[in-house]
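Heads up, the thing below is written out as structure tokens.
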Amino acid sequence: MKKEFKTLILFGSLFFADLVLAQVNVGQMIEDIINFVINIVIIFAGIIIIIGGYLMVTSAGDPQQFEKGKKTLLYGAIGFILVFAARELAEGIMNIIK
Numbered sequence: 017m018k019k020e021f022k023t024l025i026l027f028g029s030l031f032f033a034d035l036v037l038a039q040v041n042v043g044q045m046i047e048d049i050i051n052f053v054i055n056i057v058i059i060f061a062g063i064i065i066i067i068g069g070y071l072m073v074t075s076a077g078d079p080q081q082f083e084k085g086k087k088t089l090l091y092g093a094i095g096f097i098l099v100f101a102a103r104e105l106a107e108g109i110m111n112i113i114k
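Note that the numbering used here has the sequence shown beginning at 17, numbered continuously upward.
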């Protein structure tokens, strides 16, 4: 019963994908994909910043561990800046295309 249900869901989603994609133009689909990827990267950069802060707090006086946390925190912040720059660049390109 479970196998039949999973098969039905799988094939049903394949047939309904065309219906959903038919209501979105290519530009909108590209914009949605870019926004999705950027949101995932923002979450990842936030996690990196948290890890860097955790490494700094738990270094217990170890200068190497503190520097590792500091670098991780810096790389997370640079990641945030790059993501926002990429978002602005993507929006600029989409405005030129439209």
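We put the CB at the ideal spot given by N, CA and C, even for glycine.
Q.
What does the alpha-carbon distance come out to for the pair T88 and I94?
A. Taking the sequence shown and counting its residues from 1, one reaches residue 88 at position 72. Taking the sequence shown and counting its residues from 1, one reaches residue 94 at position 78. Approximately 10 Å between the Cα atoms of the pair.
Q) Taking the alpha-carbon positions, what's the I56 to I50 distance? A) Numbered from 1 along the sequence shown, position 40 holds the residue referred to as residue 56. Numbered from 1 along the sequence shown, position 34 holds the residue referred to as residue 50. Cα to Cα, I56 sits roughly 10 Å from I50.
Q. Hey, out of K114, D48, I112, Y70, whose CA is closest to K86's CA?
A. As a first step, residue 86 is located in the sequence shown; it is residue number 70 there, counting from the start. Minimum Cα distance to K86 is reached at Y70.
Q) Which class does T88 belong to by DSSP, given the choice of helix, strand or coil? A) Mapped onto the sequence shown, residue 88 falls at position 72. In this structure, T88 counts as helix in the three-state DSSP scheme.
Q: Buried or exposed for I64, please, with buried defined as at least 16 other CB atoms from any protein chain shown within 10 angstroms of its CB.
A: Translated into positions along the sequence shown, residue 64 becomes position 48. Burial call: buried.
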